[in-house]
Every structure is written in structure tokens, then in C-alpha cells.
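**Q** Add 311 to a position in the sequence shown, counting from 1, and you land on the number used in this note's numbering. This is the structure I have questions about; it appears just below.
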Amino acid sequence: MRHIERIDNSIVAHANRMDDALKSPVRTPAWRQLGTQGSRWIRNWHDARAREQQAIRAARRAERRALTLLLRILSADQRRDFRQHGHIHVTGASSGSRYRIRVAPFANIDVLACNGIVAHRLCVQPMGELPIFDVIAGQILYLQDPGAEEGFLRHANIHPTRHDEFMSRLPG
312 MRHIERIDNS IVAHANRMDD ALKSPVRTPA WRQLGTQGSR WIRNWHDARA REQQAIRAAR
372 RAERRALTLL LRILSADQRR DFRQHGHIHV TGASSGSRYR IRVAPFANID VLACNGIVAH
432 RLCVQPMGEL PIFDVIAGQI LYLQDPGAEE GFLRHANIHP TRHDEFMSRL PG
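Shown next as C-alpha cells:
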């Protein structure tokens with residue numbers, strides 16, 4: 312029992328010494344410099360965090376405004392499809408081709424065959440970073456403009472569907 316009391320007393324004594332050490336300021340120049348650098352680091356960290364949060368808020372605001380714009384340019388049927396299925400059907404103004412535009416970062420335009428199966432996918436992205444809904448709005452406007460559709464398709468990267476990839480690997 313005395314052994315346990317001795318351990319308890321030594322723990323209490325150690326804790327008291329630690330409390331005293333924390334209460335008394337260290338007066339060495341190295342500690343003062345570390346304190347200055349530490350406070351500067353903390354201030355810089357808080358400033359960086361505030362800038363990051365401000366950038367996140369700005370990006371969210373831009374996404375909301377882009378979605379509002381997209382919903383304004385869609386017809387009632389397109390809006391319904393977009394809300395229910397997450398994609399928009401568009402008919403090309405000059406080609407008459409049917410497209411399905413999905414919310415995806417790349418290769419988000421499905422070119423539909425007559426039977427509704429995806430023939431291939433198109434990828435056309437603007438330079439720089441834009442909210443995804445602004446990109447989709449631009450793609451819709453290009454495809455629905457008779458003068459712009461052909462140039463838009465010339466710049467598009469074509470991605471085969473998985474079915475096409477599978478069929479091209481078959482012998483014969």
C-alpha cells in the first residue's frame with residue numbers, strides 16, 4: 312500500500328512541477344522567437360483557412376447561379392427530365408442528331424442512335440474552370456444553334472462506348 316501512495320505522491324509532485332513550468336514564462340531568446348514565429352504561423356494558418364472558406368462559398372454561389380441559368384434555358388420537358396433523371400435530351404439544330412447531356416466532368420454528351428442506344432460519347436470542355444452547369448448550358452446552346460453545331464462537333468473528342476470497344480476486340 313505504501314508503494315502505491317509513493318507512486319501517487321510522485322505523480323502529484325510531477326503534475327505540480329508541470330503546472331509551475333507552464334505558469335512561469337520562459338525568458339530565453341529562443342523561446343521568445345519561437346513564440347513570435349508560432350503566433351505568426353497561427354495567424355497565417357487562420358488567414359489561409361478564411362481564404363479557403365471564402366473560395367468555397369464563392370464556388371457554391373457560382374454553382375447555384377449556373378444551375379439557375381441552366382434551368383432558365385431549358386424547356387419544361389427538358390427541366391422535368393433533368394430533375395427526374397439527371398440528364399437533358401437535345402436535338403441538333405443542323406444535323407437532327409439526338410444527344411443526351413449528362414452531369415459529368417468529361418465525355419458527358421451521349422450521341423444516341425435511332426434505337427436510343429448510345430452510339431458514342433463526345434467530350435467538349437471550355438478552357439479554364441467553370442461551374443459544371445455553365446458548361447452544360449454552353450453545350451446545349453452550341454448544339455441547338457444551326458451555325459454552331461458543326462464547329463462544335465469538329466472540336467469534340469469522340470469516345471467509344473464500352474459496347475463498341477467490346478465489339479472491336481472480337482476476332483473476325
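Using N, Cα and C, we set each Cβ at its ideal position, and we do this for glycine too.
Enumerate in chain order the residues of its own chain whose CB-to-CB distance from N468 is below 8 Å, with the five nearest sequence positions on each side excluded.
**A** Answer for N468: A418, L433, C434 and V435, listed in chain order.
**Q** Can you tell me which of D421, P457 and S350 puts its alpha carbon nearest to the alpha carbon of R473?
**A** Closest by alpha carbon: D421.
**Q** Do you know how far the Cα of D445 is from the Cα of I399?
**A** Those two C-alpha atoms are separated by around 14 Å.
**Q** Please list the segments of the alpha helix (DSSP H) lying wholly inside the segment 425–469, counting only runs of 4 or more residues, in order along the chain.
**A** Listed in chain order, the complete alpha helix (DSSP H) runs (minimum 4 residues) inside the segment 425–469 are 443–455 and 460–466.
**Q** Could you check whether the segment 423–431 touches the segment 370–390, counting it as contact only if at least three pairs of C-beta atoms, one from each stretch, sit closer than 8 Å?
**A** Cβ pair count under 8 Å is below three, so no.
**Q** Spell out the partners DSSP gives F409 in its beta bridges.
**A** First, the residue type needs correcting, since residue 409 is Arg and not Phe in the sequence shown. T402 and L423, per the DSSP bridge assignment.
**Q** What are the partner residues of P416, as DSSP defines its beta bridges?
**A** DSSP lists no partner for P416.
**Q** Tell me, please, whether the segment 364–375 touches the segment 387–397 by the rule of three or more beta-carbon pairs shorter than 8 Å.
**A** Counting Cβ pairs under 8 Å, fewer than three are found: no touch.
**Q** On the CB-based measure, 16 or more other CB atoms within 10 Å of its CB, does L452 come out buried or exposed?
**A** L452 comes out exposed.
**Q** Does the distance from the CB of G403 to the CB of E460 come in under 8 Å?
**A** Their beta carbons are under 8 Å apart, which means G403 touches E460 by this criterion.
**Q** Comparing alpha-carbon positions, which option in A366, H357, I412 and E363 lies nearest G449?
**A** Closest option to G449, Cα to Cα, is I412.
**Q** Hey, how far is the Cα of E363 from the Cα of D392?
**A** When rounded, the distance between both Cα atoms is 35 Å.
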